[in-house]
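Some notes on the structure that comes next.
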Amino acid sequence: AGPFPAAVVVHGGAWVAGDRRWNVEPLFRPLVEGGFVCFSISYRLAKEISSIGAAVQDVEQAIRYVQASAGEFKADSGKIALVGESAGGQLAAMAALGKTGAAIKAVVSLYAPSDLEQLARNSTFLPEQFRRAVLGTPWEGIVVGELRSLSPVHHVHSGMPPFLLIHGTSDALAPFEQSRNMCRAIRDAGGKCDLLAVKGGAHGVRRWESAGLTSYKRLMIDWMQKRLS
73 AGPFPAAVVV
83 HGGAWVAGDR
93 RWNVEPLFRP
103 LVEGGFVCFS
113 ISYRLAKEIS
123 SIGAAVQDVE
133 QAIRYVQASA
143 GEFKADSGKI
153 ALVGESAGGQ
163 LAAMAALGKT
173 GAAIKAVVSL
183 YAPSDLEQLA
193 RNSTFLPEQF
203 RRAVLGTPWE
213 GIVVGELRSL
223 SPVHHVHSGM
233 PPFLLIHGTS
243 DALAPFEQSR
253 NMCRAIRDAG
263 GKCDLLAVKG
273 GAHGVRRWES
283 AGLTSYKRLM
293 IDWMQKRLS
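Under the working numbering, think of the first position of the sequence shown as 73, with each following residue one higher.
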């Protein structure tokens with residue numbers, strides 16, 4: 073009969089691709105069996121770096137939709153969690169740390185980039201067209217500033233919802249240090265953060281499925297149930 077806590081799921085895809093069904097499909101069953109109503113969302117895909125922020129607005133709009141329509145889906149409007157993977161984790165974190173954050177009771181971020189400026193300089197995670205726009209152009213300073221403004225690690229604050237960061241230790245796209253540094257920043261700001269390392273995990277829950285690295289699911293659900301009980 074409900075009402076049940078709600079999980080707004082945000083897929084990854086480096087902001088330029090991805091699908092709300094395929095990318096995050098391994099998360100649906102554990103969430104539903106764990107007693108959550110799932111809302112897996114689409115958002116505007118970016119054509120340039122400056123348009124990444126539009127997707128944050130789409131996540132915020134999804135949160136407002138779930139609040140307004142909770143009764144229709146037997147969801148509890150007062151118990152909403154954000155679950156984001158990869159670029160979707162960055163979008164979820166930005167929404168939780170912004171103006172809609174008061175509605176969020178918990179955030180689960182899987183192998184998400186938290187410092188885009190650092191990634192632009194030291195990783196292949198950003199799409200090639202984004203990296204070309206960052207390095208070696210007259211606009212480099214402006215673009216780097218934009219990346220910094222879109223980096224969750226620079227927006228942590230007291231009163232933020234609790235975070236669970238799940239990250240593979242062998243992630244070559246978004247290094248494990250991204251989540252480790254984010255968790256440290258959250259704690260330093262007075263927030264609550266737990267970091268779950270998936271030993272040997274590469275980038276992506278579907279890769280984890282293939283490698284049999286699935287024990288994170290039970291731990292994720294246990295963590296979410298405690299925060300939304």
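For glycine and all other residues, C-beta sits at the position ideal for the given N, C-alpha and C.
{"query": "Tell me the DSSP secondary structure of glutamate 157 in three-state form.", "result": "strand"}
{"query": "Hey, would you say glycine 276 sits closer than 7 Å to methionine 232, going by beta carbons?", "result": "no"}
{"query": "Return the CA-CA distance between valine 88 and isoleucine 113, expressed in angstroms with no decimal places.", "result": "15 Å"}
{"query": "Starting from the N-terminal side, write out each stretch of the alpha helix (DSSP H) that is 4 residues or longer and does not extend beyond the stretch 133-181.", "result": "159-168"}
{"query": "With DSSP as the reference, label asparagine 131 as helix, strand or coil.", "result": "Note that residue 131 is valine in the sequence shown, not asparagine. Three-state DSSP puts valine 131 in a helix."}
{"query": "Less than 7 Å separating the beta-carbons of leucine 188 and leucine 154?", "result": "no"}
{"query": "So serine 149 and glutamine 133 are in contact, right, with Cβ under 8 Å, and what is the actual spacing, rounded?", "result": "That pair is no contact at about 15 Å."}
{"query": "Throw me the rounded Cβ distance for the histidine 239 and glycine 160 pair, which I believe falls under 8 Å.", "result": "Not really, about 14 Å apart at Cβ, beyond 8 Å."}
{"query": "Can you grab the Cα-Cα spacing for the pair glutamine 297 / serine 251, in whole Å?", "result": "22 Å"}
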